[in-house]
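Asks:
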Amino acid sequence: MSEPWLSTDEIAAHLGVTKDTVYAWIADKGMPAHKIGRLWKCQATEVDEWVRTGAAASDSPHIHDGAGPYPEQAGTQPKRKEGR
Numbered sequence: 003m004s005e006p007w008l009s010t011d012e013i014a015a016h017l018g019v020t021k022d023t024v025y026a027w028i029a030d031k032g033m034p035a036h037k038i039g040r041l042w043k044c045q046a047t048e049v050d051e052w053v054r055t056g057a058a059a060s061d062s063p064h065i066h067d068g069a070g071p072y073p074e075q076a077g078t079q080p081k082r083k084e085g086r
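Take the sequence shown: its letters are residues 3 to 86, numbered as in our numbering.
#1: Using 7 Å as the threshold, is the C-beta distance between tryptophan 7 and lysine 43 below it?
#2: Looking at the structure shown, is tryptophan 7 part of a helix, part of a strand, or coil, going by DSSP?
#3: So if DSSP puts histidine 36 in a beta bridge, which residue, or which two residues, is it bridged to?
#4: Here's a check: name, in chain order, each residue in its chain whose Cβ is nearer than 8 Å to the Cβ of aspartate 11, leaving out the five neighbours to either side.
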């Protein structure tokens, strides 16, 4: 039987981080993830190996500066109310 694909919520819980951190690691640090439709999916064995290589390590916690969207949010903009 093949390994199940995990959602970003599930992989975040597996790693003990937030979903935003998972998106940042996918975008900025090359965390192994596969886009299936509009969703990101991960396999725990791939992510665990990536963590063991030290790729998730950072001198300071990642703080998203708002300069660009996270991968799942790319291409979406909030709708503005009319008259503004």
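Cβ atoms here follow ideal geometry from the backbone N, Cα and C, with glycine treated the same way.
Replies: The relevant details are as follows:
#1: One-based indexing of the sequence shown puts residue 7 at position 5. One-based indexing of the sequence shown puts residue 43 at position 41. Yes, these two residues count as a Cβ contact at 7 Å.
#2: Indexing the sequence shown from 1 puts residue 7 at position 5. Three-state DSSP puts tryptophan 7 in coil, outside helix and strand.
#3: Reading the sequence shown from its first residue, position 34 is the one you call residue 36. Answer by DSSP bridge pairing, in chain order: Lys43.
#4: The sequence position of residue 11 within the sequence shown is 9, counting from 1. By the criterion of a C-beta distance shorter than 8 Å, aspartate 11 is surrounded in its chain by Lys21, once the five residues flanking it on both sides are discounted.
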